[in-house]
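Asks:
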Amino acid sequence: MPRRLPYPQIALPLEISGSQYVPLAWSQVAGWSDDDHLAAYRAFRTSCRPIAAQQGALSESKALGASLRDPCRIAKGLELSDGARAKAFFEQHFLPLRISRLGEGEGFVTGYYEPIIDGSRTQNEVYNVPVYRRPSNLFVRGTTQSSAGLPNKGEVYRKIGRRKLVPYYDRAEIEDGAIAGRGLEICWLRNQTDLLFSQIQGSARVQLDDGSTLRINYDAHNGYPYTPVGRILIERNIIPKEQMSMHKIREWMEQNPDGAQELRRQNKSYVFFREVNLSDKDEAVGAQGVPLTPGRSIAVDKALHVYGTPFFIEGQLPIESERSKTPFHRLMIAQDTGSAIVGPARADLYFGAGAEAGRVSGRLRHNARFVMLIPKSLDPVARGRKVPVPDERPTETIAKLFPPVDPLKDPAMDTRNGVKPAEAAPAPGASKDAASVKEPPSAAPAPVPAAQAFVAATPIAKPVPLPEARPKLAPPRDVRRQRQYRLQ
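In terms of this note's numbering, the sequence shown is numbered consecutively and its last residue is 488.
1. Less than 8 angstroms between the CB atoms is what I'm expecting for Glu185 and Val126, so what's the real figure, rounded?
2. Candidates Val360, Arg330, Thr309, Leu304: which alpha carbon is nearest Glu320's?
3. With a threshold of 8 angstroms on Cβ separation, who are the neighbours of Trp26 within its own chain once the five nearest residues in sequence on each side are excluded?
4. Using a threshold of 8 angstroms, state whether the C-beta atoms of Val109 and Leu349 are closer than that.
5. How should Glu79 be labelled, buried or exposed, when 16 other C-beta atoms within 10 angstroms of its C-beta is the threshold for buried?
6. Between Ile74 and His329, what straight-line distance do the alpha-carbon atoms span, to the nearest angstrom?
7. Is it the case that the Cβ atoms of Leu317 and Leu364 are separated by a distance below 8 angstroms?
8. Counting only the same chain and skipping the five closest in sequence on each side, list residues whose C-beta sits under 8 angstroms from that of Asp280.
9. Could you work out which residue in Ser198, Arg182, Gly181 is closest to Leu189 when comparing CA atoms only?
10. For Ser324 and Met244, what's the separation of their Cα atoms in angstroms?
11. Can you tell me the Cβ-Cβ gap for Ile239 and Asp301, rounded? I've got them flagged as a contact below 8 angstroms.
12. Under the assumption that Tyr218 contacts Phe273 (Cβ atoms under 8 angstroms), give the Cβ distance between them as a whole number of angstroms.
13. Rank Lys62, Ala43, Ala66, Arg42 by C-alpha distance to the C-alpha of Ala53 and give the top, closest one.
14. Among Gly358, Thr309, Gly343, Glu322, which residue has its Cα nearest to the Cα of Gln335?
15. Which residue wins for smallest C-alpha separation from Gln201, given the options Ala284, Lys159, Ser100?
16. With a threshold of 7 angstroms on Cβ separation, who are the neighbours of Arg69 within its own chain once the five nearest residues in sequence on each side are excluded?
17. With a CB to CB cut of under 7 angstroms and the five nearest residues on each side skipped, what residues in its chain are close to Asp35?
18. Could you name the residues of the same chain whose beta carbon sits closer than 8 angstroms to that of Arg158, not counting the 5 residues immediately before and after it, in chain order?
19. Rounded to whole angstroms, what's the CA-CA distance from Pro294 to Gly352? Just pull it up for me.
20. For Arg45, which residues from the same chain have a beta carbon less than 6 angstroms from its beta carbon, with the 5 sequence-adjacent residues on both sides left out?
21. So, helix, strand or coil for Pro115, using DSSP?
22. Between Leu195, Gly343, Ile298, Lys268, which lies nearest to Pro228 when the distance is taken from Cα to Cα?
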């Protein structure tokens, strides 16, 4: 029967793997009062629709769990039209925590957007690059083809025969036609660069040659890790790090078509899409399943965070131009994710659709400070007070009066040979008389400071020896058995 600890069941403080956090007062959140809280509140209510509808216990293992239910259910019935009241709502129902990766002071932000590109429903001389839907022979361990959405991470296979599973085709194999001619084409684009950028962003608006618009969203991937092509260009000294942007990447690819093909194939990851029923006025749908809000939605690490969590992000970002340092103080809502978004203070900021959104998001690779808003039910300070602490250590005075002593290590208490060091036999060749000769008196000792004299005069109890180790005794021999053995 397992032994029970003498402590009651308690709620542990908030724990997010690999992170550090500091509780703050609202007055300590830099730029908090400067934000448009009403815009943030509306984005939060969008996330609250699926959260408030949740019933029963969730199998949520992340720190926030289902704690957003209560503030979401309140927001569901609270239609606000005033920024001051929206600000008061967040202050009333949430607590601010500055959060970052363990050992670091700041987080990191990038940007993303929804490209608007040209395409066609049919293949022709202009539009010759296919956009594929998820193949039927693609399998992710732990899921089925009927799953509503395949995970963004995991081992991906294709089936050969009835049982054999092998890694799925990589980007080069797919570009070379490994899955062509299977009826998987949703539409056709002008070039591979348009497709690559759509895959990086996870969605696109395809303006068809018949005048209509087709909306596509991320559906699955081929299982290979994402390799940023921009990082490769930096490592090869083709584009300086300080000048790197999506615009620079596209510009280089257009000028170097052969090099662009080799560069693309360094990123073996390949994304498959699905067609979604959205109008031109609708925003892209994030991984939470709700429409994204430009300037308010962010993609976060789904392994650590819960969709719907508000994050206040503060920093100096190049919003107005490449070299500008625009003050950025904005409350954002976690509504999306991405394979490159990893860590407790890592976010991809959504800026909307079109060329201008692409220019702004393409130049974001900057540090920023993160403040996570958590429901008051998860107050880490209040929870921390309930955690049992170990017994108090003895005071310095008690430790000095009764120091523990190990008789096996202290020579003054060495009784292993039954003789104290002072009583040890003289060295070989030394006479008894030599051993008894007294040392000549040395010079007069130096005066001792009064403080040291007081400590020396203070009576100190003799050290309490630790109990000796139990001696190892050989087990008694079975005499009769030994004799019988010898007689045989």
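All residues carry an ideal CB built from backbone N, CA and C; glycine is no exception.
Replies: According to the data block:
1. Going by Cβ atoms, the distance from Glu185 to Val126 rounds to 15 angstroms, so no, they are not a contact pair.
2. Val360
3. Trp32, Glu91, Pro96
4. yes
5. exposed
6. 25 angstroms
7. yes
8. Arg205, Thr213
9. Ser198
10. 15 angstroms
11. The pair is not a contact, with the Cβ atoms about 27 angstroms apart (cut-off 8 angstroms).
12. 7 angstroms
13. Ala66
14. Thr309
15. Ala284
16. Ile51, Ala52, Gln54
17. His329, Arg330, Leu331
18. Pro135, Asn137, Leu138, Phe139, Leu165, Val166, Pro167, Tyr168, Tyr169
19. 5 angstroms
20. Ala75
21. coil
22. Lys268
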